[in-house]
Every structure is written in structure tokens, then in C-alpha cells.
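Taken in sequence, the protein lines are chains D and Y.
Oh and the first sequence: position 8 is 7 in numbering that gives the first Met the number 0, straight run, nothing missing.
Oh and the second sequence: position 134 is 133 in numbering that gives the first Met the number 0, straight run, nothing missing.
Note that beta-carbon positions come from the ideal geometry of N, C-alpha and C, so glycine has one too.
Please read these numbers as outputs of a predicted model, since none were measured by experiment.
Structure first, then comments.
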Amino acid sequence: MQTRKDLMLNYNILDRNKICHVLNNINVKYNCNLCEENFLKENIFLELSGDNFSQVFIFKAGEFNKLMEVLNGLKALRYFPYSVGMPIVVVHERENEVEPLIPFGYIMLKYCNNIFTIPDSKHGEKFTYGKEIVIVNKGKKYLPGYYLVVSPEGYFLGYARLNITRQNEVVVIPIRDIGWYLRKGR
Amino acid sequence: MDIKSYLNSYKGIFEVSPTTEARNLAAKYGYLDYMIERYIRIFNEVQEVNEFLEGCEVPLIKSIRCNELKTSCNELEKRLRMKGYELERLEWLSYGYKVLKSPKKPTLGATMEYLQGFYHIQGIASMIPAHVLSPSPSDKVLDMAAAPGSKTSQLAQIMKNNGVILALEKNRERIKSLLSNLNRLGVTNTILLRADSRNLENMKIEFDKILLDVPCSGEGLIPIDKTRKTKTSIQKLYNFSMLQLQLIKVAYKLLIEKGVLVYSTCSIGPEEDELVVNYAVEELGMKVEKIERVPGDNALTEYFSYKFSTEIKNCIRLYPHKHKTEGFFICKLVKI
Numbered sequence: 000m001q002t003r004k005d006l007m008l009n010y011n012i013l014d015r016n017k018i019c020h021v022l023n024n025i026n027v028k029y030n031c032n033l034c035e036e037n038f039l040k041e042n043i044f045l046e047l048s049g050d051n052f053s054q055v056f057i058f059k060a061g062e063f064n065k066l067m068e069v070l071n072g073l074k075a076l077r078y079f080p081y082s083v084g085m086p087i088v089v090v091h092e093r094e095n096e097v098e099p100l101i102p103f104g105y106i107m108l109k110y111c112n113n114i115f116t117i118p119d120s121k122h123g124e125k126f127t128y129g130k131e132i133v134i135v136n137k138g139k140k141y142l143p144g145y146y147l148v149v150s151p152e153g154y155f156l157g158y159a160r161l162n163i164t165r166q167n168e169v170v171v172i173p174i175r176d177i178g179w180y181l182r183k184g185r
Numbered sequence: 000m001d002i003k004s005y006l007n008s009y010k011g012i013f014e015v016s017p018t019t020e021a022r023n024l025a026a027k028y029g030y031l032d033y034m035i036e037r038y039i040r041i042f043n044e045v046q047e048v049n050e051f052l053e054g055c056e057v058p059l060i061k062s063i064r065c066n067e068l069k070t071s072c073n074e075l076e077k078r079l080r081m082k083g084y085e086l087e088r089l090e091w092l093s094y095g096y097k098v099l100k101s102p103k104k105p106t107l108g109a110t111m112e113y114l115q116g117f118y119h120i121q122g123i124a125s126m127i128p129a130h131v132l133s134p135s136p137s138d139k140v141l142d143m144a145a146a147p148g149s150k151t152s153q154l155a156q157i158m159k160n161n162g163v164i165l166a167l168e169k170n171r172e173r174i175k176s177l178l179s180n181l182n183r184l185g186v187t188n189t190i191l192l193r194a195d196s197r198n199l200e201n202m203k204i205e206f207d208k209i210l211l212d213v214p215c216s217g218e219g220l221i222p223i224d225k226t227r228k229t230k231t232s233i234q235k236l237y238n239f240s241m242l243q244l245q246l247i248k249v250a251y252k253l254l255i256e257k258g259v260l261v262y263s264t265c266s267i268g269p270e271e272d273e274l275v276v277n278y279a280v281e282e283l284g285m286k287v288e289k290i291e292r293v294p295g296d297n298a299l300t301e302y303f304s305y306k307f308s309t310e311i312k313n314c315i316r317l318y319p320h321k322h323k324t325e326g327f328f329i330c331k332l333v334k335i
């Protein structure tokens, strides 16, 4: 049987109001519109709760019946899933903080405006080592804040906080990056 | 017949007396004596046993599976070629590749394309079970021993992230790496459960397709992991057989009528392969369906003095010395 430490105790399906409330924090931080109609319509939002935190997952809305059949079958055996579909955010209840997870970044690119493109692959690689990078900004002006970071080809690399120096350099401070899969994910 | 009685009726398989020839070969190649005696029985000729043992000394060619959930295979080929990789597409699987040449850096597990989830490093033989199961996008699929997720993510790829996969893994550490792989590879149709599959026996739902890639001795992985030459005693092998029989029985229960079960192991031990599938055929009444258009030899229908159901020849075995893959066993079974 599952042991206590990583046991999910319950799951809820979040309605539109609830999921928009959860995502609002990210909308503000990353300048997004995650309550966009298509995104809400295409997905089921499930919240899996543990002792001190919860995670929200998305699953294709078109598979709702099959999903519920399996979840109910597990529930009857007193089993709760470890994960369902794609994890998008973790909610830290004590800090009242919502953090986007790496898989969500690929979706957020569609709905968010704070996107920082790293101009060359060398800096991109350094960023995926979890290292801070400094870019001499020659083009678009950026404001300090939270950004989705993408490679020169537009591929999602991670989340970062941007600071702008007096010399107009962009300091990219990683929050979560895809290099996590190498460093921690195995 | 219950599982214990079934195993008892084949107990001679687990009473191996190594010959001098087997002992000599075991000493030469560093194996347990009983393992070599079994290889002599499997191959029926010492010449091939030698070829097999020599084959296990040679490192396997690296291989990757292009992940069409995240990219097109042409795009992946192009990008890896630019980094100095030379790939060759498998004849029987449009998204499977041998890696013929690699640059010193970056290694296969550290490229930007790997991190993006454009491919997964996966053994050639290990790409066969999900390919043979071939679930449709509307199926409900059960993956009974899923970590590290190579086959689960391949199933999701075949289903184009539609339908539902229930994937189980009982080990806490292994389920973390499973989740990490599924996330990296963009899998969205899978429910992960940390549990022993045997505990699902009384679940009230049935699945259209089941993949049972059982925990096993890993005797087929010797070319990759030399510790497997001495890791599994005959008693441990018996315990694996017992576990595998229990799992196949649960799989049968959870499978819909006419549903398909693919049973696979990374072992060439008939105790973990034909003996288990024979139980599904003779005791559970399942039917073996012939596996075609993938590499592999026919499975065994005789081992020591025991005869298995003749249908079992339609399952396949892969060997390092013949197929240049990890040692593997795959069987496609239908519930009738």
C-alpha cells in the first residue's frame, strides 16, 4: 500500500471559477490569460491534495468518462492516484503561493505575454544548467518581472525572474528549467 | 490449478545440475553454473551457447525512440545530425533509430533535444511490446509495471495522447523517475498509481489492452549490466516465476473479453517466459496470437523434459548474438 509521505488524500474536479482563481496568481505574474475559453473547454482540471500542498493536473476533457471510470474503480479499492494526466501547478497552501510546473510551460507559451527569448544557444544551455545568465540587450525592451524563457527557436526552457541593470543588461535568474530532468528527474 | 500446484508440476525446471561443460563455461565467462546449464538446454548446442556468451560480452548498439508527441522524426533526425549524430531508422518501426555514431559531447542523455522530450533512450527490443500491443486512441490501457516509463510513453505516443492509460509502479523512487519521464515526453493521458498490481485483482473495471512487462531477473540485460551474470540464484528465479504467474493471473482478470495482453520480460529464462505464458494458455484458456513483422526467434515449446503448449512458438525471443538487442521475450495473448 502507499505510505503516508507521498499519499494523495483526495482529489477534486475544479470548476471554471475555482481553476481561474488558482491560475490568477500566474496570470498576474506572467501576464497571461489562462482563463481563455478554449483552454478551459479542452481540459478537465483535477486537484490532488496531500497534507500541506496540492497539485493541479489537466486531462483531455474528451476522455472524461474513461478517466472517471478508472478513478472511481481505484477509489472503490481505497486507492488515490499519484498523478493524473499532466501536472500544471503546485499550490503551497501555507504561503498561499501557486507555482507553475515545467510541463505547463509549453502550454503557457500560448497564453502568456511575458516571454523572454534567449538570443543564442550557448546562453540557452547555461540557463538549463540552472545558472543565472546576463544578456546584453540590443533589441526588445524588457521590464523586470517573471518570464517564460524560450530558446532562439522558440522552445520552452524554463521560468525565470528578469532584472534589468542600468547598462540595460538583462539578468535572467532561473526559477525552474528543463535541465531539472537531468539534475533531479532520474 | 492454483499457481503453486502449477509450479510444482514443473519443479524439475528449478532443479538444475550443471554438467562439467557448463561449469567450465561458467568459470570462463563469470556466470553462475546453473545459468549456463540452462543455456545449453535453451540452445541445444554448445556452439550456439558460445556464440551467445560471446555476444553478451559485446556492448549493444545505442538506440532511441523519436517522440512524435513532441516533434516530427524528420526534424529530430536533422537536429541530431547537426550535432554529429548518425542515425539509422529501424526497418520495422518508423520512429525507432539505431545510433550509429555519437559525438563526444553532448551525450545522448544531455542534449537539448533530450531535455525537450524529442526522444527517449530505449533499447531496440524494448520498443517491441508497446508496438505489438498497438492500443487505439479510444482504448483503456493498463500498464502493470511501468517504471521507468519507456513503454508507457510509447503507448501514449501510439494513442496520440488519447484514451486512458493506468500505469502502476510500486517503488517510491522508481515512480518519481517514471513521472519525470512522462512529463518530459509530454504524456498527458496517463494516471499513475503507486501500488502493487496484484492488489488490483478485485478492481471492478476491465481494460481493452494490458501491457505486462514483468519484474524479472534481467538475464537479458547482461550485455549492459555484467552483475546480472551472478545476481539471480535458482531460488530467486523461482520467486520471480511465482510473482509473474500471480501478475498474469491478475492481468487476465482485468482484461475485457477479446482484449489483448502483451507479456514481456528482459529475460531469456524459460522459467520467466514460456512457463508463465503456458499457464495463461493451459490454465486460463488464453490464446497466443502470432507476432509478425518484428525481429525475433520462435519461443520454446520444450525445455528440459517438459513440453509447453505448441501455440507458444508464436511468442518471440530476442538474443544479443542474433538480433543485436538485449535478450527479450514477448508474447501476445488474447482473452477468449
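> Cα separation between I2 of chain Y and F307 of chain Y?
Replying inline: 16 angstroms
> Using 8 angstroms as the Cβ pair cut-off and three pairs as the minimum, do the region 46-55 of chain Y and the region 97-110 of chain Y touch?
Replying inline: Here the region 46-55 of chain Y makes no contact with the region 97-110 of chain Y; the two share fewer than three CB pairs at distances below 8 angstroms.
> Going along the chain, which residues of its own chain have a beta-carbon closer than 7 angstroms to the beta-carbon of D176 of chain D, five neighbours each way excluded?
Replying inline: F126, T127, G129, L156 and G157
> Shortest alpha-carbon distance to R292 of chain Y belongs to which of Y:E90, Y:Y33 and Y:A21?
Replying inline: Y:E90
> P294 of chain Y to E256 of chain Y, Cα distance in whole Å?
Replying inline: When rounded, the separation of the alpha-carbon atoms in P294 of chain Y and E256 of chain Y is 29 angstroms.
> By a C-beta neighbour count over all protein chains shown, 10 Å radius and 16 as the cutoff for buried, is S137 of chain Y buried or exposed?
Replying inline: S137 of chain Y comes out exposed.
> With 16 other CB atoms within 10 Å as the buried threshold, where does L246 of chain Y fall?
Replying inline: buried
>> Buried or exposed, going by whether 16 or more other CB atoms sit within 10 Å of the CB of M158 of chain Y?
In response: When all chains shown are included, M158 of chain Y counts as buried.
> Comparing alpha-carbon positions, which option in D:I87, D:W179, D:K121 and D:Y180 lies nearest L273 of chain D?
Replying inline: A query on residue 273 of chain D cannot be resolved here, the shown segment of chain D reaching from 0 to 185 and no further.
>> According to DSSP, is Q115 of chain Y part of a helix, a strand, or is it coil?
In response: coil
> Considering M202 of chain Y, what are the terminal residues of the alpha helix (DSSP H) in which it resides?
Replying inline: M202 of chain Y -> no alpha helix (DSSP H), and no H or E assigned at all.
> Which residues bound the alpha helix (DSSP H) around S62 of chain Y?
Replying inline: That residue, S62 of chain Y, is in no alpha helix (DSSP H); its beta strand (DSSP E) goes K61 to C65.
> Cβ atoms of V259 of chain Y and V333 of chain Y: under 8 angstroms apart, would you say?
Replying inline: yes
> Is the distance from the Cβ of Y29 of chain D to the Cβ of F79 of chain D below 8 angstroms?
Replying inline: In this structure, F79 of chain D does not lie closer than 8 angstroms to Y29 of chain D by Cβ.
> Distance, Cα to Cα, Y180 of chain D vs K175 of chain Y?
Replying inline: 11 angstroms
> Is DSSP giving A146 of chain Y helix, strand or coil here?
Replying inline: It is coil, neither helix nor strand.
> Along the region 63-84 of chain D, what residues have a CB closer than 9 angstroms to any CB found in chain Y?
Replying inline: K65, L66, E68, V69, L70, N71, G72, L73, A75, L76, Y78, F79, P80, Y81, S82, V83 and G84
> Mind checking if Q115 of chain Y is an interface residue toward chain D, Cβ cutoff 8 angstroms exclusive?
Replying inline: yes
> Span of the alpha helix (DSSP H) holding D176 of chain D?
Replying inline: That residue, D176 of chain D, is in no alpha helix (DSSP H); its beta strand (DSSP E) goes E168 to D176.
> Does A144 of chain Y come within less than 8 angstroms of chain D when only Cβ atoms are used?
Replying inline: no
>> So within the region 19-89 of chain D, which uninterrupted beta strand (DSSP E) runs reach at least 3 residues, ignoring any that extend past its ends?
In response: 42-48 and 52-59
> Can you give the Cα-Cα distance for K221 of chain Y and Y154 of chain D, rounded to whole angstroms?
Replying inline: Residue identity check: residue 221 of chain Y is Ile in the sequence provided, not Lys. Rounded to whole angstroms, I221 of chain Y to Y154 of chain D spans 38 angstroms at the Cα level.
> Given 8 angstroms as the limit, is there contact between the region 11-20 of chain Y and the region 207-216 of chain Y, that is, 3 or more CB pairs closer than that?
Replying inline: no
> Identify the residues that DSSP records as bridge partners of D32 of chain Y: which are they?
Replying inline: Note: D32 of chain Y sits in no beta bridge, so no partner.
> Hey, V83 of chain D and L47 of chain D: beta-carbon distance below 8 angstroms or not?
Replying inline: Pairing V83 of chain D with L47 of chain D gives a Cβ-Cβ distance under 8 angstroms.
>> Given a cut-off of 8 angstroms on the beta-carbon distance, is the pair S337 of chain Y and I127 of chain Y in contact?
In response: With chain Y covering 0 to 335 only, the question about residue 337 of chain Y has no answer from this structure.
> Between the C-alpha atoms of V131 of chain Y and L147 of chain D, what's the straight-line distance to the nearest angstrom?
Replying inline: 39 angstroms
>> Using a Cβ-Cβ cutoff of less than 7 angstroms, which residues in the same chain neighbour K4 of chain D once the five nearest sequence positions on both sides are dropped?
In response: Bear in mind that the predicted position of K4 of chain D carries a pLDDT of just 45, short of 50, making it unreliable; the figure below should be weighed with that in mind. Excluding residues within five positions, none has a Cβ falling inside 7 angstroms.
> Taking just the CA atoms, how far does N162 of chain D sit from Q243 of chain Y?
Replying inline: 57 angstroms
>> For a contact defined as C-beta to C-beta under 8 angstroms, what are the partners of G178 of chain D on chain Y?
In response: What G178 of chain D touches in chain Y: L114.
> Going by beta carbon distance, what residues of the same chain come within less than 6 angstroms of I132 of chain D, once the five residues before and after it are set aside?
Replying inline: H122, K125, F126 and V171
>> Please list, in chain order, the chain D residues whose beta carbon lies closer than 7 angstroms to that of P174 of chain Y.
In response: In the sequence on display, residue 174 of chain Y carries Ile and not Pro. The answer, in chain order, is Y81.
>> Which same chain residues end up closer than 6 angstroms to V186 of chain Y when comparing Cβ atoms and leaving out the 5 residues on each side of it in sequence?
In response: Counting only Cβ-Cβ distances below 6 angstroms, and skipping sequence neighbours, we find S152 and A155.
> At what residues does the alpha helix (DSSP H) containing P99 of chain D begin and finish?
Replying inline: Looking at the DSSP string, P99 of chain D is not in any alpha helix (DSSP H); the run it does join, the beta strand (DSSP E), is E96 to P99.
> To which residues of the same chain is E92 of chain D closer than 8 angstroms at the C-beta, ignoring the five residues directly before and after it?
Replying inline: Listed in chain order, the non-local C-beta contacts of E92 of chain D below 8 angstroms within the same chain comprise N51, F52 and S53, local neighbours out to five positions each way being set aside.
> So what does L167 of chain Y bridge to, in DSSP terms?
Replying inline: Y:L192
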